[in-house]
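Under the numbering used here, the first residue of the sequence shown carries the number 69, and numbering increases by one thereafter.
What follows is one structure encoded as structure tokens, with my remarks underneath.
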Amino acid sequence: MDYSIVVPAHNEEQSIAPLYEATKRVFDALGGAWELIVIDDGSTDGTYEALSGIADADFRVKIIRLRRSFGQTAGWSAGFSAATGDIVIVMDADLQNDPEDIPAMIQKLRDENFDVISGWRKDRKDTSALKIGSFIGNWIRRAVTGEKIHDQGCSLKVYRKEALQDLELYGEMHRYITALLAWKGFRVGEMVVRHHARKYGSTNYTIKKKLKGFLDLLIVKFWIQYSARPMHFFGSIGAVCIIAGFLLGGTLGTLWLFRIIGLNGRSTPLLAVLLVLLGFQFLLTGVLADIVAHTYYAEKKPYSIKDTKGF
Numbered sequence: 069m070d071y072s073i074v075v076p077a078h079n080e081e082q083s084i085a086p087l088y089e090a091t092k093r094v095f096d097a098l099g100g101a102w103e104l105i106v107i108d109d110g111s112t113d114g115t116y117e118a119l120s121g122i123a124d125a126d127f128r129v130k131i132i133r134l135r136r137s138f139g140q141t142a143g144w145s146a147g148f149s150a151a152t153g154d155i156v157i158v159m160d161a162d163l164q165n166d167p168e169d170i171p172a173m174i175q176k177l178r179d180e181n182f183d184v185i186s187g188w189r190k191d192r193k194d195t196s197a198l199k200i201g202s203f204i205g206n207w208i209r210r211a212v213t214g215e216k217i218h219d220q221g222c223s224l225k226v227y228r229k230e231a232l233q234d235l236e237l238y239g240e241m242h243r244y245i246t247a248l249l250a251w252k253g254f255r256v257g258e259m260v261v262r263h264h265a266r267k268y269g270s271t272n273y274t275i276k277k278k279l280k281g282f283l284d285l286l287i288v289k290f291w292i293q294y295s296a297r298p299m300h301f302f303g304s305i306g307a308v309c310i311i312a313g314f315l316l317g318g319t320l321g322t323l324w325l326f327r328i329i330g331l332n333g334r335s336t337p338l339l340a341v342l343l344v345l346l347g348f349q350f351l352l353t354g355v356l357a358d359i360v361a362h363t364y365y366a367e368k369k370p371y372s373i374k375d376t377k378g379f
């Protein structure tokens, strides 16, 4: 298989047919074997029925239907696991990404020996609020991760299959795939792509998702900087608490020994003990929690499939 196109869809009934037609037109002209993998992320409209009709008529269209809405990251992860193409393309189902940009992105990937090409929506057709939020989000992501990509939030990306192997995704991690891949040593490039106004439905991005995305950014920052040496991070915080506890306890003990102050009825000694215990607990709990989380997601996919079609 030459190309796998992965498209998560949630309540995109009206967009499915034109998306398929545009994708088919582009890849039939491009040549080579291709498959379109659409992940129905718990849609409550007629998205699955629209997809099923297309899949019945074209064996290259495959459907993964999740039991409920697990989010875009889970959709991407399910699609990546099912993809068999040497090159994997990801885009949204809302028709805002333009499949006509994909051949040029694939060409750039091959000609310049990149592992990933990320789209850059330089002329976004979104509301001012979304544009401002995206600008701030991209600035924060670049500052935290050190990544140079202008538009990490653009879903339209082209990957070599090997870049996606052993990639662990959960939460809202789909936003930071390029940062994670760059950290692993893959070459990441970008290309200006077209962006269309949404024709049907409304955006699925909410303040809650943005907050989750920010929290995941902190995890990515930790994973990039401390995954090989988590003790440096947790140990530093734990050491500060422990040293502060011993200093406070030592100072109180010295003052009590020379009868400068009395300790009866004071809560300060308890604070010193608490700081020491907190330091050890923070150290051990943090390291164990991180190890358990990554072990869990390495062995268990963060989604549940209801059924499949075309595989």
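Every residue, glycine too, gets a C-beta built ideally from N, C-alpha and C.
Per DSSP, reduced to three states, the secondary structure at Val-94 is helical. For the pair Gly-318 and Phe-302, the Cα-to-Cα distance works out to about 24 Å. Inter-residue distance for Tyr-227 and Thr-141 is about 16 Å (C-alpha atoms, whole angstroms). Between Val-260 and Lys-216, the gap from beta carbon to beta carbon reaches 8 Å or more. For the pair Leu-134 and Asp-108, the CB atoms are nearer than the 8 Å cut-off.
Inclusion of Asp-70 and Gly-121 in the CB contact set at 8 Å is not warranted, their separation being larger than that value.
For Asn-181, the number of other beta carbons within 10 angstroms of its own is below 16, and it is reported as exposed. Non-local C-beta neighbours of Gly-257 in its own chain, meaning closer than 8 Å and more than five positions away in sequence, comprise Lys-176, Leu-177, Glu-180, Phe-182, Val-184, Ile-185 and Ser-186, ordered along the chain. Under the 10 Å beta carbon count, Gln-233 is surrounded by fewer than 16 other beta carbons and is classified as exposed. Taking a C-beta distance under 8 Å as the contact criterion, Ala-77 and Thr-112 do not qualify as a contact pair. For Glu-258, the beta-bridge partners assigned by DSSP are Ser-186. In terms of Cα proximity to Leu-163, the closest of Leu-343, Val-341, Ala-85 and Ile-310 is Ala-85.
In the structure shown, Glu-215 falls within a coil segment according to DSSP collapsed to helix, strand and coil. Here the C-alpha atom of Leu-338 lies approximately 12 Å from the C-alpha atom of Asn-332. Under the 10 Å beta carbon count, His-263 is surrounded by 16 or more other beta carbons and is classified as buried. Around the CB of Ala-161, 16 or more other CB atoms lie within 10 Å, so the residue is classed as buried. Assignment of Asp-234 by DSSP, reduced to helix, strand and coil, places it in the coil class. Put simply, the backbone Cα of Glu-168 is about 17 Å away from that of Ala-101.
Nearest in C-alpha terms to Phe-148, of all of Lys-252, Gln-349, Glu-236 and Phe-254, is Glu-236. For Lys-374, the enclosing beta strand (DSSP E) stretches over residues 373–377. Taking the Cβ atoms as the reference, Val-288 lies roughly 6 Å from Thr-213, within the contact range of under 8 Å. Going by DSSP, Ile-107 is part of the beta strand (DSSP E) stretching over 102–108.
Counting only residues of its own chain and dropping the five nearest sequence neighbours on each side, Ala-250 has a CB closer than 7 Å to the CB of Glu-215 and Val-256. In the same chain as Phe-314, and ignoring 5 residues on each side of it, the C-beta atoms closer than 8 Å to its own belong to Ala-340 and Val-344, in chain order.
Going by DSSP, Ala-77 is part of the beta strand (DSSP E) stretching over 71–77.
Residue pairing by DSSP places Tyr-227 opposite Val-156 and Val-184 in a beta bridge. DSSP lists Ile-105 as the bridge partner or partners of Lys-130.
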